[in-house]
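Below: one structure, written as structure tokens.
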């Protein structure tokens, strides 16, 4: 289904990013922030509606291990505007060119969250020699909606029609009460953000809510087709982390049986992804939710990054083992 009202997203008079610099790529300026040194460089691909700086805490810890990179896709965050949604191939090519422009050599360890997981997979399909490893954080999957219970599919279609109508007819500004509720919901996470970034990130999320809707609009259509028609993943080290904690909205909406069925489908698809390469692994996190698993279980994400770095590096490149590489962090490893 086409986007009901394709729109250019992003501020046409962008303030300077609170962290990072902009690089000119394909006629646009894209925000990128890098820290640390060494390789392979870890590159975070945000989920739908999120920006690079949402991952700043785990980025800072990753930068203690290697070069770590945050960035904003065109149309999001502090990058130049773009019409959304976009083909995944365009997003992947843009990231490839951005990393080259910023003089960050490959191959890369891509960390893709949610929709960013789909983009990471397309990047790996298009540039297999530029990928040292993949960490997929509760990634979206092109076959999820086809396998969940019928009531969930019907609800998804109904919601899509309602959102389409809402976007076409125009959406009123949120009320002060709605803004307060949004701030309250973000508080457990935003309280942990660096003080210098808290206000810019809160302002962004309160004012750019439509970006996430539009960016993911073609996930079950064009992006799914790109993934299905593309080649398989390169045979590189891969870890898929599945978040199994229930979201409040799901508990209110669905029966326990339906929620379990959806969870089982997601876990099975993630395990299937892990099995698609010879060095794939599936790990489950019972105490992390989809949206903020990189904050709620930063230890498990960092452990997975370190494990993948160790697997991707040649023996001569491996540093002396540190506390991050002992394997003591409980990531609740599951069978692929």
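Residue numbers (UniProt numbering): 1 to 336.
Backbone N, C-alpha and C fix where the C-beta goes; we use that ideal spot for every residue, glycine too.
Give me the DSSP bridge partner(s) of residue 35. 68
What residue range does the beta strand (DSSP E) around residue 43 cover? 41–45
What residues are listed by DSSP as bridge partners for residue 111? 44 and 135
Decide if residue 85 is buried, meaning its Cβ has at least 16 other Cβ atoms within 10 Å, or exposed. buried
Run through the DSSP bridge pairs and tell me what residue 30 is partnered with. 23
For residue 53, which of helix, strand or coil comes out of DSSP? Three-state result, residue 53: helix.
Over the uninterrupted alpha helix (DSSP H) stretch that includes residue 228, give me the two end residues. For residue 228, the enclosing alpha helix (DSSP H) has its first and last residue at 224–229.
May I ask you to report which of helix, strand or coil DSSP gives residue 175? coil
Report back the beta-carbon spacing between residue 206 and residue 182 to the nearest angstrom; my notes put them in contact at under 8 Å. 6 Å
Range covered by the alpha helix (DSSP H) that runs through residue 200: 195–207
Check whether the Cβ of residue 287 sits closer than 7 Å to any heavy atom of the ligand MN, and report yes or no. Among the ligands in the structure shown, none appear at all, so the ligand MN cannot be discussed.
Residue 19 versus residue 132: straight-line alpha-carbon distance, rounded: Take the alpha-carbon of residue 19 and the one of residue 132: they are about 26 Å apart.
Please report the straight-line C-alpha distance between residue 272 and residue 15, rounded to a whole angstrom. 43 Å
Using a Cβ-Cβ cutoff of less than 8 Å, which residues in the same chain neighbour residue 259 once the five nearest sequence positions on both sides are dropped? Answer for residue 259: 246, 250 and 251, listed in chain order.
Closer than 8 Å by C-beta to residue 197: which residues in its own chain qualify, once you throw out the five before and the five after it? Chain order, please. Cβ neighbours of residue 197 within its own chain (closer than 8 Å, five residues either side excluded): 18, 19, 53 and 56.
Would residue 80 pass as a contact of residue 29 if the rule is Cβ separation under 8 Å? Taking 8 Å as the Cβ cut-off, residue 80 and residue 29 qualify as a contacting pair.
Own chain, CB closer than 7 Å to residue 265, minus 5 neighbours either side, in chain order: 144, 147 and 148
Where do the ends of the alpha helix (DSSP H) carrying residue 127 lie? That residue, residue 127, is in no alpha helix (DSSP H); it is neither H nor E in DSSP.
Helix, strand or coil: which one does DSSP assign to residue 104? Judged by DSSP in its simplified three-state form, residue 104 adopts coil rather than helix or strand.
Using C-beta distances below 8 Å, list every residue in its chain close to residue 189, excluding the 5 sequence neighbours before and after it, in chain order. 292 and 295
Cβ neighbour criterion (16 or more within 10 Å) applied to residue 306: buried
Could you give the residue range of the alpha helix (DSSP H) that holds residue 269? 256–275
Would the segment 37–51 count as touching the segment 210–221 if we require 3 or more Cβ pairs under 8 Å? yes
Specify, as a first and last residue, the run of the alpha helix (DSSP H) that residue 310 falls within. 298–312
So the alpha helix (DSSP H) residue 146 belongs to, where does it begin and stop? 144–147
By DSSP, does residue 191 sit in helix, in strand, or in coil? If DSSP states are grouped into helix, strand and coil, residue 191 belongs with coil.
How many angstroms separate the CA atom of residue 60 from the CA atom of residue 297? 15 Å
Three-way DSSP call (helix, strand, coil) for residue 97 in this model: helix
Given that a residue counts as buried once 16 or more other Cβ atoms are within 10 Å of its Cβ, and exposed if not, what is residue 165? exposed
Report buried or exposed for residue 62, applying the criterion of at least 16 other Cβ atoms within 10 angstroms of its Cβ. buried
With 16 as the cutoff for other CB atoms within 10 Å, does residue 179 come out buried or exposed? exposed
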